[in-house]
Amino acid sequence: MPALHMHRFRLALFFLLALLPFASPAFWGGESGGKNARGVAEITVAQLPPEGRATLALIKQGGPFPYPRDGIVFGNFEKRLPTQPRGYYHEYTVSTPGSRNRGARRIIAGGRGGEYWYTGDHYRTFRRIKE
Numbered sequence: 391m392p393a394l395h396m397h398r399f400r401l402a403l404f405f406l407l408a409l410l411p412f413a414s415p416a417f418w419g420g421e422s423g424g425k426n427a428r429g430v431a432e433i434t435v436a437q438l439p440p441e442g443r444a445t446l447a448l449i450k451q452g453g454p455f456p457y458p459r460d461g462i463v464f465g466n467f468e469k470r471l472p473t474q475p476r477g478y479y480h481e482y483t484v485s486t487p488g489s490r491n492r493g494a495r496r497i498i499a500g501g502r503g504g505e506y507w508y509t510g511d512h513y514r515t516f517r518r519i520k521e
């Protein structure tokens, strides 16, 4: 390979490697946080967006909730959360600044406050909220 081509190749490789962190879903607000010993994705309360922390506080105090659909039964039809009887899970909106509607972010509460799940992508992925 001629020297000029090798130099261009190395330069291109350098820039591609420098951009690699920006390809991470965590960088773009996707899956972040860790996984527990059973391989379940987790997020801490501190890692939630501020609106998520506010929604979690409202859930724990029993409302009042800003959206009429907050507290409805979440069906878990895609089985992305552990299987439970219908009525076990309830969904709550995590407001999205700048959005004209409810946006894609939700907290799912399981049971009587026994577990909480966060989705930032309208139910495609879930992370258990670790308190």
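Each residue of the sequence shown is one higher than the one before, counting from 391 in the working numbering.
Note that CB positions come from ideal geometry on N, CA and C, so glycine has one too.
DSSP state of G442 mapped onto helix, strand, coil: Taking the sequence shown and counting its residues from 1, the one referred to as residue 442 is at position 52. Three-state DSSP puts G442 in a helix.
Can you tell me the Cβ-Cβ gap for T577 and D460, rounded? I've got them flagged as a contact below 8 Å. Lying before the first or after the last residue shown, residue 577 is absent from the chain, which here runs from 391 to 521.
Please name the residue or residues paired with R492 in a DSSP beta bridge. Stepping through the sequence shown from its first residue, residue 492 is reached at position 102. According to DSSP, R492 bridges with nothing at all.
Could you please give the first and the last residue of the uninterrupted beta strand (DSSP E) stretch that includes Y479? Taking the first residue of the sequence shown as 1, we reach residue 479 at position 89. 479-483 is the extent of the beta strand (DSSP E) around Y479.
Going by beta-carbon coordinates alone, are Y506 and L448 separated by less than 8 Å? As a position in the sequence shown, residue 506 is number 116, starting the count at 1. As a position in the sequence shown, residue 448 is number 58, starting the count at 1. Their beta carbons are not under 8 Å apart, which means Y506 does not touch L448 by this criterion.
Is DSSP giving K469 helix, strand or coil here? For the purposes of this step, residue 469 is identified with residue 79 of the sequence shown, where counting begins at 1. Per DSSP, reduced to three states, the secondary structure at K469 is coil, with no helix or strand assignment.
With DSSP as the reference, label V430 as helix, strand or coil. Numbered from 1 along the sequence shown, position 40 holds the residue referred to as residue 430. In the displayed model, V430 falls within coil according to three-state DSSP, outside both helix and strand.
Spatial neighbours of T509 in its chain, beta-carbon cut-off 6 Å, leaving aside the 5 residues before and after: Sequence index remark: in the sequence shown, residue 509 carries index 119 (1-based). Same-chain partners within the cutoff: R496, F516.
In terms of residues, what are the limits of the beta strand (DSSP E) holding R517? Numbered from its first residue, the sequence shown carries residue 517 at position 127. R517 -> beta strand (DSSP E) spans 517-520.
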